[in-house]
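Data first, discussion second: the structure below is written as structure tokens.
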Amino acid sequence: MYTGNKVKKDLIDLCVQFIEMIDNLKKQGIIDETEYQKLVKNKKRFLEEHGRNDLKEENHG
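Take the sequence shown: its letters are residues 1108 to 1168, numbered as in my numbering.
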């Protein structure tokens, strides 16, 4: 059974993995900055609100 903390950790990990995959698509030129921002906006906000401040705009983008 999942605890609240386990679910939160899993969501954080999933957001980080998603952002890393989208970063790669942007680096390859598959998506542009507008699409990138659209895809990662809510994930970054979730991470910032839940203690993952190491993924700010200057590190990914």
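Virtual Cβ for every residue (Gly too), placed ideally from N, Cα, C. Source: prediction; values computed, not measured.
Handout entry: Residue span of the alpha helix (DSSP H) that contains Asp1139, given as start and end
Key = Numbered from its first residue, the sequence shown carries residue 1139 at position 32. That residue, Asp1139, is in no alpha helix (DSSP H); it is neither H nor E in DSSP.
Practice task
State yes or no: is the C-beta of Leu1132 within less than 8 angstroms of the C-beta of Ile1126?
Solution key: Translated into positions along the sequence shown, residue 1132 becomes position 25. Translated into positions along the sequence shown, residue 1126 becomes position 19. Taking 8 angstroms as the Cβ cut-off, Leu1132 and Ile1126 do not qualify as a contacting pair.
Problem - Euclidean distance between Cα positions of Glu1156 and Gln1144 - result: Locating residue 1156 in the sequence shown gives position 49, counting from the first residue. Locating residue 1144 in the sequence shown gives position 37, counting from the first residue. Rounded to whole angstroms, Glu1156 to Gln1144 spans 18 angstroms at the Cα level.
Handout entry: Three-state secondary structure (DSSP) of Gly1111
Key = As a first step, residue 1111 must be located in the sequence shown, where it is residue number 4. The answer is helix: DSSP assigns Gly1111 an H, G or I state.
Handout entry: Supposed contact pair Leu1146 and Ile1129 - C-beta distance, whole angstroms, cut 8 angstroms
Key = On the sequence shown, residue 1129 is found 22 positions in, with the first residue counted as 1. On the sequence shown, residue 1146 is found 39 positions in, with the first residue counted as 1. With a Cβ gap of about 5 angstroms, Ile1129 and Leu1146 count as contacting.
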